[in-house]
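Going by my numbering, the sequence shown opens with residue 84, and the numbers climb by one from there.
Below you'll find the structure, written out as structure tokens, and then a few comments.
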Amino acid sequence: MRPIRLTLNGFTGIASGRSKSSLTIDLDACVPAEAQLVAIFGPNGSGKTTIIDNLHPYRLMPSRANQPVPSAFSYYDHLVGGEGGKELVWEHQGVRYLSSLRFRSTAKTKKQEAFLFVYEADGSTQPWCDQATGLKSDGKAENYDRCIEAVVGKPEVFFAAQFSAQGRTPIAAMTATEVKKLLADMLGMDRIAALAGKASEVAKLLKPRLSSVQDQAMRTRQSVPDVRVLQGSLDQALANLEGIEACMNQTAAEITQVTVDRAALTSSMERQISIRSQHEAVDEQILMATSTGASQIAAIVAKQKQGADAKLVALQEAKNAVQVALNLKQQLQQRCEQLDQLVSRSDQIGRARKAMDQLIQDRAKRLCLIEDSSKDLSRIDEVRRLVESLSASLAKLTSDGAHLKAALELAQSTAMLLREVPCGGTAMAGRCKLLAQANEAAVRLPQQEMKLQKARDHYRIQNTNCKGSTNELVSLQEKEAVVKVAQRELNDIEAKIAECRETLALRETIESAQKELPGVRAELTKASQSHLLAQETVRRRQEEIVAGQQADEAELSKAQHQVEQGLLRLRTFKQSLPKLLEASTGEQLDQLLQAAKRRHEEQAGRAEEVRRRIASIKASMESAAQLTTIAVEHEDRAQKIAMEMSRWTLLSKALGTDGVIAMSIDDAGPMIASFANSLLEDCYGGRFVLAIQTQTETAAGMQKEAFNVMVEDTTRGENKSLDLMSGGEKVWINECLVRAIALYMASICDIRYETIFSDEADGALDPERKRQYMAMKRAVLQRGGYSREYLITQTPELLSLCDGVIDVTTL
84 MRPIRLTLNG FTGIASGRSK SSLTIDLDAC VPAEAQLVAI FGPNGSGKTT
134 IIDNLHPYRL MPSRANQPVP SAFSYYDHLV GGEGGKELVW EHQGVRYLSS
184 LRFRSTAKTK KQEAFLFVYE ADGSTQPWCD QATGLKSDGK AENYDRCIEA
234 VVGKPEVFFA AQFSAQGRTP IAAMTATEVK KLLADMLGMD RIAALAGKAS
284 EVAKLLKPRL SSVQDQAMRT RQSVPDVRVL QGSLDQALAN LEGIEACMNQ
334 TAAEITQVTV DRAALTSSME RQISIRSQHE AVDEQILMAT STGASQIAAI
384 VAKQKQGADA KLVALQEAKN AVQVALNLKQ QLQQRCEQLD QLVSRSDQIG
434 RARKAMDQLI QDRAKRLCLI EDSSKDLSRI DEVRRLVESL SASLAKLTSD
484 GAHLKAALEL AQSTAMLLRE VPCGGTAMAG RCKLLAQANE AAVRLPQQEM
534 KLQKARDHYR IQNTNCKGST NELVSLQEKE AVVKVAQREL NDIEAKIAEC
584 RETLALRETI ESAQKELPGV RAELTKASQS HLLAQETVRR RQEEIVAGQQ
634 ADEAELSKAQ HQVEQGLLRL RTFKQSLPKL LEASTGEQLD QLLQAAKRRH
684 EEQAGRAEEV RRRIASIKAS MESAAQLTTI AVEHEDRAQK IAMEMSRWTL
734 LSKALGTDGV IAMSIDDAGP MIASFANSLL EDCYGGRFVL AIQTQTETAA
784 GMQKEAFNVM VEDTTRGENK SLDLMSGGEK VWINECLVRA IALYMASICD
834 IRYETIFSDE ADGALDPERK RQYMAMKRAV LQRGGYSREY LITQTPELLS
884 LCDGVIDVTT L
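Pasting the structure below:
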């Protein structure tokens, strides 16, 4: 970036320094083309800083801004009447631009227009536009800032490395976070940071998807029925179907037999009485067997219901026990965590106890010092008044002595006239006034000499007293300063003692926690075991219920089967008896046939119902297999999503501030230090060598991010932080560090800057260092490939070292 022509309208610095409302500087016209170091010269308040603060296209004045960003600065505070403008013609990488800023304010509103124009080959201008992104300069301040950043980079980087403004924060005074953000901006790490942000966003988007798939897998697992229960039900249903089909076969045989009997009804009418009695006996046995079977089945059902209810109650009690054990376990876990936190502070008790003993000793020392000095300090006001009184008395004695000495010298000179007056010893001696004055002076001379001697003696005594009192006052003032320091230290010690007491007050609590912690952990272990046992009990109860249901169904089926077999045997026996040949036998046979058919239909319906239940159970088993497959698919999908999310998270960290960015910044430190040491070696000799530490070790042995500039003084054999250097040493080392950053940017960045700026950065340097400072500037221009530096200096001898001078008083 190279400024060509600057026009300022309505700026306070120009109005107050030059009494002008408008100022135009054609840099190509007033500075030789081959000039490298160009000084902007003029008296204080003449507008030099206002000019150099506007020799760049950014929408701010760096020496007036709290931070080097447009949002931290307002032009309206530096305009006369709130209206003005700035036009800067500048060139960057072979393209000429025009920055036009206009400001206008009223009592209610403030309006600002900012345009960036590009000069065409024919000299016309067009608003700047980026075809790739669609960004265009349309007069809006925010768009203008984005356009400038797209052309010449971020303002934080420019004003840290290329523009050394007044009042800027030195690099060494920045925090590690601020310096590393600056280096990240310099290295163009914002693109990598954006990729890290995108990777983090992908991981965030995958997280709810992972939760959804995991929830689906869990719900699917929970919806899968117990295959063992289904298999037991299927086996029971198959056994029931087998029994029903056997009954159906018997009923079909009975139908066949009744049909045969109906055909043979008329063939045999003898032996009917004996046959009837046999039939009646068998019918009575069938009725009794039916009643007895129903009672047995009812008893079994009642017993099974009672047992099932007892098992359900036991299951609920087991579940309640699980909840109670879980609550106890959670309470003990919380208590254990609280006790662990207290016990972890036990080391603080020991340190506080040791610190307390030392602090008490230090407090006793400070109290003894204050108490010992209090008696002497009680006289300080008295001694101060005495010194003031003696000083005033000495001043008066000095004045009186000067008057007495002058009077004595006058009397001596007058008395000397007795030897020089020509009329002495003649008749005219009685009438000579000069001779009379000489005689009178000669008479007063011994008395005046005596007064002067007394005054001198008195002065010596008073002077001796004053020196003694002054020495005593100095001694008391030194004691007073020591006492004040001791009092401040005593206040600090009291505050630390209070902190130690607060820490020691926790000793009993921590000791109690240490005693209680093993018991709580043992109880937690027991509670965990109890919880597991309770869960196992619930599982056993559930298995017992399932097994009980299967056993009950088997028992009930067996009892029903036994009853049906007994009835079947009686009916078979009855069927084996000869048929009764009564008049109504035909009707009875018809009724028996119809009843057998109805029974056969009922048995067929029951068989169909059992078959449907078997089909349903098989469908449920198939559904369970399908749900299991779906659950496995969901779990596999969740695992894949989790692996994908972990890879995106790892990528975010790798591209983030603790990954590639941190490594790049760490790599930049030695390069910047190398550039700075080269400048120090070439321009200031090899006395100082600096090193940049981007990481430091904590007390726990861990590495943490930092930015410390350590300076080795080879002459004195010292190695200390830049903050501890003297004012002048700190200035030139910091300037070398800033210019080293500029050289580092010139070596790695795509954006090439042709011009650098500095505003009165040499104020704290001695004359020799100022000349070396100018040599450093030329070295920076040569190594960084810069064509020019504009600088402001108040040192006249440095103007002769510049290639060009812009005198603002002539503008």
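The C-beta atom is built at its ideal place from N, Cα and C for all residues, glycine as well.
Non-local C-beta neighbours of residue 413 in its own chain, meaning closer than 7 Å and more than five positions away in sequence, are absent. Proximity to residue 735 across 235, 279, 327 peaks at 279, based on C-alpha coordinates. For residue 867, the enclosing alpha helix (DSSP H) stretches over residues 850-867. At a cut-off of 4 residues, the continuous stretches assigned as alpha helix (DSSP H) that sit fully inside the segment 589-668 are 590-659. Between residue 176 and the set 593, 229, 628, 235, the nearest pair of CA atoms involves 235.
In the three-state DSSP reduction, residue 195 falls in the strand class (E or B).
When the beta-carbon positions are compared, residue 222 and residue 200 stay at least 7 Å from each other.
Per DSSP, the continuous beta strand (DSSP E) segment holding residue 92 begins and ends at 85-92. Here the segment 146-159 makes no contact with the segment 877-894; the two share fewer than three CB pairs at distances below 8 Å. Taken through DSSP and simplified to helix, strand or coil, residue 731 comes out as helix. Per DSSP, the unbroken alpha helix (DSSP H) holding residue 227 starts and ends at 224-235.
For the set 155, 219, 86, the Cα lying nearest the Cα of residue 181 is the one of 86. For residue 449, the enclosing alpha helix (DSSP H) starts and ends at 429-460.
Here residue 188 is not near residue 227, since their CB atoms are 7 Å or more apart. Beta-bridge pairing by DSSP links residue 840 to 246, 873. Counting only residues of its own chain and dropping the five nearest sequence neighbours on each side, residue 549 has a CB closer than 7 Å to the CB of 470, 473, 474, 477. Note that the segment 313-320 touches the segment 630-644; at least 3 beta-carbon pairs, one per stretch, sit closer than 8 Å.
Its chain contains 449, 452, 453 as the residues whose beta carbon lies nearer than 7 Å to that of residue 569, once the 5 sequence neighbours on both sides are disregarded; these appear in chain order.
Contact between the segment 123-132 and the segment 88-105 is present: three or more C-beta pairs spanning the two stretches fall below 8 Å.
In this structure, residue 556 lies near residue 467, with their beta-carbon atoms less than 7 Å apart. Assignment of residue 799 by DSSP, reduced to helix, strand and coil, places it in the coil class.
When beta bridges are read from the DSSP output, residue 174 appears opposite 85, 179. Among the bridge pairs identified by DSSP, residue 167 is matched with 186. Counting along the chain, residue 480 sits inside the alpha helix (DSSP H) bounded by residues 463-498.
Between the alpha carbons of residue 614 and residue 400 lies a gap of roughly 13 Å. Under the DSSP definition of a beta bridge, residue 209 partners with 201. In the structure shown, residue 817 adopts helical secondary structure according to DSSP, grouped into three states. Ranked by Cα distance from residue 725, the options 118, 779, 217, 294 are led by 294. Apart from sequence neighbours up to five positions away, the residues of its chain that approach residue 411 with a beta-carbon distance below 7 Å are 610, ordered along the chain. With respect to the 7 Å criterion, residue 825 and residue 249 are not classified as neighbours on the basis of their beta carbons. The Cβ-Cβ distance between residue 731 and residue 118 does not fall below 7 Å. Within the DSSP secondary-structure output, residue 121 pairs in a beta bridge with 873, 887.
If you draw a 10 Å sphere on the C-beta of residue 802, you find fewer than 16 other C-beta atoms in it, and that means exposed.
Between residue 480 and residue 541 a beta carbon distance of about 6 Å is seen, short of the 8 Å cut, so the two are scored as contacting. Residue environment for residue 693: buried (at least 16 other C-beta atoms within 10 angstroms of its C-beta).
By the criterion of a C-beta distance shorter than 6 Å, residue 323 is surrounded in its chain by 693, once the five residues flanking it on both sides are discounted.
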